[in-house]
Each structure stands twice: as structure tokens, then as C-alpha cells.
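Asker:
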Amino acid sequence: MDITILGIESSCDDTSAAVIRNTTLLSNVIASQAVHVKYGGVIPELASRAHQQNIIPVVDTALKEAGISVDKLDAIAFTRGPGLLGSLLVGTSFAKGLSVAGNIPLVEVNHLQGHILSHFIDLPDREMPHPDFPFLCLLVSGGHTQIVRVDSPLEMQIIGTTIDDAAGEAFDKCAKVMGLPYPGGPVIDKLAKEGDPNAFAFARPHVKGEFDFSFSGLKTSFLYTLRDEVKRDPDFVEKHKADLCASLQHTIIDILLEKLIKAANTLGIKDIAIGGGVSANSGLRNAVAEAGRRRRWRTFIPELKFTTDNAAMIAISGYYRYCNGMISGLDTAPAARIEEML
Ligand code: KG4
Ligand code: ZN
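Each residue of the sequence shown is one higher than the one before, starting from 133 at the first, in the numbering used here.
#1: Quick one: Cα of T439 to Cα of S411, how far?
#2: Does the stretch 162-180 come into contact with the stretch 143-150, if we say contact requires no fewer than three beta-carbon pairs (one atom in each stretch) closer than 8 angstroms?
#3: May I have the straight-line CA-CA distance separating H276 from K351, to the nearest angstrom?
#4: Please classify D304 as buried or exposed, where buried requires at least 16 neighbouring CB atoms within 10 angstroms.
#5: How many Å lie between S353 and S225 at the Cα?
#6: Do the stretch 239-246 and the stretch 442-452 make contact, defined as three or more Cβ pairs closer than 8 angstroms?
#7: Assuming D206 and I253 make a contact with CB atoms under 8 angstroms, what is their CB distance in whole Å?
#8: Between G234 and F210, what straight-line distance do the alpha-carbon atoms span, to the nearest angstrom?
#9: When we look at the beta-carbon of Q278 and count the other beta-carbons within 10 Å, is it buried (16 or more) or exposed?
#10: I think A468 touches G215, with their Cβ atoms under 8 angstroms apart; what is that distance to the nearest whole Å?
#11: Using alpha carbons as the reference points, say which of E177, C377, E361 and P337 lies closest to D296.
#12: With I320 and Q381 assumed to form a contact (beta carbons below 8 angstroms), what rounded beta-carbon distance in angstroms separates them?
#13: Under the three-state reduction of DSSP, which class applies to A378: helix, strand or coil?
#14: At which residue ranges does the stretch 138-218 contain complete alpha helix (DSSP H) runs of 4 or more residues, listed in the order of the chain?
#15: Which one of D283, Y356, G316 and S346 has the shortest CA to CA distance from F332?
#16: Have a look at E274 and D257 and give me their C-alpha separation to the nearest angstrom.
#17: Compare the C-alpha of G349 against each of E361, A335 and G341 and name the closest.
#18: Just verifying my parser: in three-state terms, what is the DSSP assignment at R425?
#19: Would you kindly work out how many angstroms separate the C-alpha atoms of V190 and D441, rounded to a whole number?
#20: Near the ligand ZN, which residues have their beta-carbon closer than 5 angstroms to a heavy atom?
#21: Give a single yes or no on whether N418 has its beta carbon closer than 7 angstroms to a heavy atom of the ligand KG4.
#22: How would you write the range of the beta strand (DSSP E) that D283 sits in, first residue to last?
#23: Enumerated in chain order, which unbroken segments of the alpha helix (DSSP H) with a length of 4 residues or greater are wholly contained in the stretch 221-275?
#24: Quick one, which of G311, G327, P237 and L157 has its alpha-carbon nearest V169's?
#25: Looking at the ligand KG4, does it come within less than 7 angstroms of C144, judged from the CB to the closest heavy atom?
#26: Report the three-state DSSP secondary structure of S346 (helix, strand or coil).
#27: Leaving out five residues on either side along the sequence, give the residues of the same chain with a beta carbon under 7 angstroms from the beta carbon of K325.
#28: Excluding the 5 residues flanking V232 on each side, which residues of the same chain have their C-beta closer than 8 angstroms to its C-beta?
#29: Rounded to whole angstroms, what's the CA-CA distance from A227 to T294? Just pull it up for me.
#30: For the ligand KG4, is there any heavy atom lying closer than 7 angstroms to the beta carbon of A412?
#31: Say whether the stretch 396-406 touches the stretch 363-381, bearing in mind that this needs 3 or more beta-carbon pairs closer than 8 angstroms, one atom from each stretch.
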């Protein structure tokens, strides 16, 4: 029997809705919020308000594009967390309202697990290659950097995590001090293509945890380099932007790859995936593919549209949970922090 799921994502600054039938994506609509660009970061209150404006038209468009009416939905999957509380509240409340109105089961989804399960989405015209279990996923988003061992769509174990900043935060914060717009990752990715990755050397972290990460030292080292150089030459950033971006990106990728390779070796796992917004980074995608060629891994690099936040990944996660009878009650509250979801 076919299972049709509506997915709703509103954890940060993208309002998104998607419809999936079994594992096949029928629609995936994303409204990105331009309002934050000029502030150099997401302003939570503005994000909540924009979600509130976007959510009805986005869900409506996703249902129309999929050719599905509300009464044909088997379940509504929504991002419970982690994310910005006000943003999560909009998606959660909307999902609950639609659930009550249509008498449709609710399914809560962990946003980070959603990023990982995006590797199981099929497109109407083609089946995508899926990793075998267990596989490792390097999960790199704006707020999290983790290595996760995935034993099944419902069983995942975090084996490494950042002890301070996330990789995405390092991109965004360093971009901000260079005067680049938010989000910094895509801009740095573009500028890095013109620069020398070995032009500058930034601090490398020494982290105790075998598979753990740290990015705050790198960020500080980047800030100090800029501060010292700008004292000597006020036009330093303008003149060396491409080299700064290339060197920063190169360092971030090196830190990520070192731990990923170590984890793959130690656990003896050869199916390796990446996911989350930073997995859109062209340098990281190439580096993981190259590392995989050398080590005979099967690498899974998501299509660009499934790297940054989207509801398709929430719908596929909802599909697996629904099939396993994991229905949520109307008393389910959004959870801003990952710790609240365990
Ligand atoms: O997964 P995501 O869309 O949202 C969160 O769950 O946080 O990730 C957003 C992060 C931001 O830090 C953004 O700068 C980064 O992904 N990002 C990139 C690229 N595209 C987005 N970082 C590096 N290179 C990119 N091309
Ligand atoms: Zn995300």
C-alpha cells in the first residue's frame, strides 16, 4: 500500500513543505528568507514572522505540485528540533492544526536525522543510489558538526561531535568579519575558487576526543590574522579575499576529512555519506569523493537541493517513522536543543 506523507520544515530561515509517496519525492517547495542577509545572520524574531507568512502558501504549493489533496495524506511529518524555538513553533503549530482539522496522524522528526536520511529520497524519474547499513555520515550544518554511524533509518549513533563551533558557523562568522553577506558558506566557496589554499596558515585544533571537532580556535586565528594585517594595510581584506577564503576553506575541509577518515578506518565502514548545508561546499564534495577513490569507499554526496534545509528530508524521515508506528501526540512541544530530543 502506498504511504503519502507531507513534510514541513521550519527550523531556521527556510520555510519548506514537501510531499513524498513511499520514498519517491512528488514535490519540494522552499521559501528562503532574504530578510536576514543585511544583518549578517538570522534574526530569530524576523525568521518566525517570515515563517508565519510563508507557511500556508508553501504547503499549499507543495500539495498542488504533488497533485495531492489533504484527505489523501497518511501523515504529517514536521521538524520538532533542533533549531530556533520561534521558527519551530510555527511549523509545529501548523502541523498540529492540519492534523486536527483533517484527522491525520502527526510524526515528529529530528532535523539532523532528516539531513542524513535525505540519502534515501528517490526522484520520480530515477532511483538514487542509497548507502547500505551501517554507514557513516559526516553531518555538517550551520549549527552542528557530527560523525554519525547509521545502523538503520531509525537507529543512529553520534560517534563524534564538535566541542565548540560548527563548521558552518566557522564559514559564516569568518565571512562576516570579511564583510561578506550571510550565509557565508556559499560566498566563501565561490571566492575560494580564485584563491591559493596555501596562502595563509591558520591554527589547527588538538581535540582530545578521537572523532570530535573544534572550530573556535580556527575562527580566532582567522580573526587575529585579519586584525594584524588590517592594521598594516586597511585594504588587506579586499586585496586578499580570494586567498583568505581558499585558505580558510582548505583548513576546514582538512579538519573534517582527518576525523572522517579516522572514523571510517577505526570502524571499518566503507559506505560514507555527507549531509547538511556545508555538504554543498564544492571543495568538501571533491575532497570526500577523492578520499573515497583512494580508500575504495562508496561515497554518497547529496544533490545540491538536498544539502541545505528542505522538507523532502523531513518527509522521508517521517515515512520511516510512520511505517514503524512512531506517531506523535498533540502535546509534542518543539525542542530547540538536540539534548531535549534524546
Ligand atoms: O543545513 P543548513 O541549511 O541549516 C542548518 O541546519 O543549520 O546549513 C546551513 C549552513 C550555513 O552555515 C551555510 O553557510 C552553510 O550551511 N553552507 C555552506 C555552503 N552552502 C551552505 N558552507 C560552505 N559551502 C557552501 N557552498
Ligand atoms: Zn539543516
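Ideal placement from N, C-alpha and C gives every residue a C-beta, glycine not left out. For clarity, every value in this text was computed on a predicted model and none was experimentally measured.
Answerer: Looking at the atomic coordinates:
#1: Taking the sequence shown and counting its residues from 1, the one referred to as residue 439 is at position 307. Taking the sequence shown and counting its residues from 1, the one referred to as residue 411 is at position 279. Each residue's alpha carbon lies about 6 angstroms from the other.
#2: yes
#3: The sequence position of residue 276 within the sequence shown is 144, counting from 1. The sequence position of residue 351 within the sequence shown is 219, counting from 1. If I take the Cα positions, the gap works out to 16 angstroms.
#4: Mapped onto the sequence shown, residue 304 falls at position 172. So D304 counts as buried.
#5: Position 221 of the sequence shown, counted from the first residue, corresponds to residue 353. Position 93 of the sequence shown, counted from the first residue, corresponds to residue 225. Whole-angstrom Cα-Cα distance: 42 angstroms.
#6: yes
#7: The count along the sequence shown starts at 1 and reaches residue 206 at position 74. The count along the sequence shown starts at 1 and reaches residue 253 at position 121. Not quite, the Cβ-Cβ distance comes to about 17 angstroms (not below 8 angstroms), so this is no contact.
#8: Residue 234 sits at position 102 when you count from the first residue of the sequence shown. Residue 210 sits at position 78 when you count from the first residue of the sequence shown. Going from the Cα of G234 to the Cα of F210 covers about 15 angstroms.
#9: Residue 278 sits at position 146 when you count from the first residue of the sequence shown. Counting Cβ neighbours within 10 Å, Q278 comes out buried, since at least 16 surround it.
#10: Against the sequence shown, residue 468 aligns to sequence position 336. Against the sequence shown, residue 215 aligns to sequence position 83. Sure, about 7 angstroms apart at Cβ, within 8 angstroms.
#11: The count along the sequence shown starts at 1 and reaches residue 296 at position 164. Residue P337 is the option with its Cα nearest to D296.
#12: Against the sequence shown, residue 320 aligns to sequence position 188. Against the sequence shown, residue 381 aligns to sequence position 249. Correct: roughly 6 angstroms between the Cβ atoms.
#13: Counting from one through the sequence shown, the residue named residue 378 turns up at place 246. Looking at A378 - three-state DSSP - the assignment turns out to be helix.
#14: 176-198
#15: On the sequence shown, position 200 is the one that residue 332 refers to. Answer by Cα proximity: Y356.
#16: Within the sequence shown, numbered from 1, the residue matching residue 274 stands at position 142. Within the sequence shown, numbered from 1, the residue matching residue 257 stands at position 125. For the sequence presented, residue 274 should be read as Gly rather than Glu. So the two alpha carbons sit approximately 31 angstroms from each other.
#17: Translated into the one-based positions of the sequence shown, residue 349 becomes position 217. Looking at the Cα atoms, A335 is the closest of the given residues.
#18: Locating residue 425 in the sequence shown gives position 293, where the first residue counts as 1. Note: R425 maps to helix in three-state DSSP.
#19: As a first step, residue 190 is located in the sequence shown; it is residue number 58 there, counting from the start. As a first step, residue 441 is located in the sequence shown; it is residue number 309 there, counting from the start. Their Cα atoms are separated by approximately 14 angstroms.
#20: S273 and D441
#21: Residue mapping note: residue 418 aligns to position 286 of the sequence shown, counting from 1. Answer for N418: no, Cβ out of range of the ligand KG4.
#22: Position 151 of the sequence shown, counting from 1, holds the residue named residue 283. D283 -> beta strand (DSSP E) spans T277 to S284.
#23: 243-249
#24: Against the sequence shown, residue 169 aligns to sequence position 37. When each option's Cα is compared against that of V169, the closest is G311.
#25: Taking the sequence shown and counting its residues from 1, one reaches residue 144 at position 12. For the ligand KG4, at least one heavy atom lies less than 7 angstroms from the Cβ of C144.
#26: The count along the sequence shown starts at 1 and reaches residue 346 at position 214. In the three-state scheme derived from DSSP, where H, G and I count as helix and E and B as strand, S346 is classed as coil.
#27: In the sequence shown, the residue the question calls residue 325 occupies position 193. Same-chain partners within the cutoff: there are none.
#28: Here residue 232 is taken as the residue at index 100 of the sequence shown, counted from 1. For V232, where only same-chain residues beyond five positions count, the Cβ hits under 8 angstroms are L462.
#29: Position 95 of the sequence shown, counted from the start, is the residue given in the question as residue 227. Position 162 of the sequence shown, counted from the start, is the residue given in the question as residue 294. Using only the alpha carbons, I get a separation of about 31 angstroms.
#30: To locate residue 412, count along the sequence shown from 1; it is residue 280. True, at least one ligand heavy atom lies under 7 angstroms from that Cβ.
#31: no
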